[in-house]
C-alpha cells in the first residue's frame with residue numbers, strides 16, 4: 005500500500021484526522037469499517053495495476069481515520085454511503101496513479117533511490133512518528149500486516165512519487181512576461197483592492213485590580229513618548245497587551261471591514277506616518293499608527309506580477325501533471341473492480 009496525497013473531499017478532512025483516531029473507540033471504527041467500507045467490492049479487490057493488487061484492506065487503512073467525520077458531515081445514511089464511495093474512488097485512483105508513477109520512474113534505468121536515503125527516511129519516520137521507539141514501530145507494522153521489507157518498499161515508492169511530482173512542477177516553473185501581462189489584462193477585476201492601511205496598534209487593557217486612572221496614565225505616557233519621537237513599534241513591544249506586540253504591533257494591511265467601527269474610523273482618518281489619539285472601547289484603550297496606506301482601485305501589474313506568476317506556475321503544473329497521469333493511465337495496465 006502506498007501513501008496517498010488526498011484530493012478534494014479527503015483534503016477537507018485532513019485537519020480532523022489525528023483527533024478522529026484518538027477520540028473514536030477502536031471497536032466503533034472497526035464496526036463502521038466492516039459494514040460500510042468496500043462493500044461494493046465482492047471479491048475484496050478494488051483494482052489491479054501492473055503487478056500490484058489494490059485491496060479493500062488498503063482502502064480501509066486510508067479511510068478509517070475519516071469515517072467519523074464523514075458520518076458527521078452526512079445528513080442521512082444514503083449520503084454517508086455516497087460520501088464513502090466518493091472517497092474510496094479517490095483513494096483507489098491515487099493508489100493506481102502512484103503505482104504508475106513508480107513504473108515511469110524505473111523506465112529510465114539510470115534512476116534509482118540509493119538505499120542510504122531510504123535508511124535515513126526510515127530513521128526519520130521512527131523518530132517523528134514513533135517517538136524514536138522501534139518497538140512501537142514494529143507494533144505498527146504488525147497492526148497493518150506489513151514486514152519491514154515491505155515498509156521500506158512503501159517508503160521508496162513514496163520518495164519516488166515525491167521526486168516525480170517535483171519534476172513536473174519544475175518543468176512548469178518558467179512563465180513568459182507576455183503571458184503574465186495577458187493574464188493581467190484579461191483578469192483585471194481580480195486585482196481590485198479596497199482602501200487599506202498598513203496598521204500598527206497598541207492595546208492597553210485594564211487589569212482586574214487597576215483603576216481607570218492608571219490605564220489613562222499609561223496611555224498618556226505612551227502618547228507623550230510618541231510625540232517625542234519614540235518608535236511606535238518599540239512602544240508596542242513595551243506596552244501593548246495585544247498578541248501582535250512581538251511584531252511591534254503590526255497588523256499588516258487592513259481594510260475597514262476588518263476592524264470595529266470605532267477603530268476603522270480612527271485608522272482611516274490618518275495619513276501615512278500618523279498615529280491616533282487614544283480610542284477607548286470598554287476596558288481597552290487603543291492607539292493606532294498608519295505605516296502606509298493605499299487607495300481603492302485596480303492594483304498595478306508591478307504589484308501583482310509575482311502573484312500572477314505563482315498562480316500560472318501552479319496552473320501549468322496541474323495541467324502538466326494531468327496530461328502526464330493521463331498518458332501513464334493509457335499506457336499502463338489498469339483494471340478496476342466494482
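Numbering (the numbering used here), first residue to last: 5 to 342. Just so you know, even glycine gets a beta-carbon here, dropped at the ideal spot from N, CA and C.
Using the Cβ count rule (16 or more neighbours within 10 Å means buried), how would you classify residue i?
i           : result
residue 226 : buried
residue 43  : exposed
residue 119 : exposed
residue 73  : buried
residue 200 : buried
residue 345 : A question about residue 345 goes unanswered here, because the residues of the chain that appear run from 5 up to 342.
residue 62  : buried
residue 243 : buried
residue 69  : buried
residue 111 : exposed
residue 137 : exposed
residue 318 : exposed
residue 323 : exposed
residue 334 : exposed
residue 280 : buried
residue 213 : exposed
residue 161 : buried
residue 238 : exposed
residue 81  : exposed
Which same chain residues end up closer than 6 angstroms to residue i when comparing Cβ atoms and leaving out the 5 residues on each side of it in sequence?
i           : result
residue 101 : 329
residue 196 : 302
residue 164 : 106, 109
residue 53  : 100, 103, 338
residue 228 : none
residue 340 : 51
DSSP has residue i in a bridge; who is on the other side?
i           : result
residue 298 : 200
residue 51  : 58, 340
residue 258 : 201
residue 284 : 289
residue 279 : 293
residue 208 : 289
Please look up how many angstroms separate the CB atoms of residue i and residue j, rounded, as I've assumed it's under 8 angstroms.
i           : j           : result
residue 41  : residue 50  : Residue 41 to residue 50, Cβ: 11 angstroms. No contact.
residue 293 : residue 236 : 4 angstroms
residue 126 : residue 157 : Wrong, their Cβ atoms sit about 11 angstroms apart, outside the cutoff.
residue 87  : residue 210 : Not really, about 50 angstroms apart at Cβ, beyond 8 angstroms.
residue 194 : residue 325 : Contact doesn't hold; Cβ gap of about 24 angstroms is too wide.
Which same chain residues, not among the five before or five after residue i, have their C-beta less than 8 angstroms away from its C-beta?
i           : result
residue 223 : 208, 282, 289, 291
residue 114 : none
Flag this pair as yes or no: are the beta carbons of residue i and residue j separated by less than 9 angstroms?
i           : j           : result
residue 172 : residue 270 : no
residue 133 : residue 142 : no
residue 240 : residue 253 : yes
residue 298 : residue 257 : yes
residue 122 : residue 159 : yes
residue 276 : residue 307 : no
residue 305 : residue 179 : no
residue 96  : residue 58  : yes
residue 264 : residue 285 : yes
residue 206 : residue 262 : no
Quick check on residue i - is its C-beta less than 9 angstroms from some C-beta in chain D?
i          : result
residue 75 : Included in the structure is just one protein chain, with no chain D present.
Grab me the residues of residue i's own chain with a C-beta within less than 7 angstroms of its C-beta, minus the 5 sequence neighbours each way, in chain order.
i           : result
residue 268 : 260
residue 272 : 199, 201, 260
residue 23  : Summary for residue 23: the model assigns pLDDT 38, below 50, so the residue's position carries little reliability; its value from the coordinates is reported in the next sentence. None.
residue 266 : 283, 285
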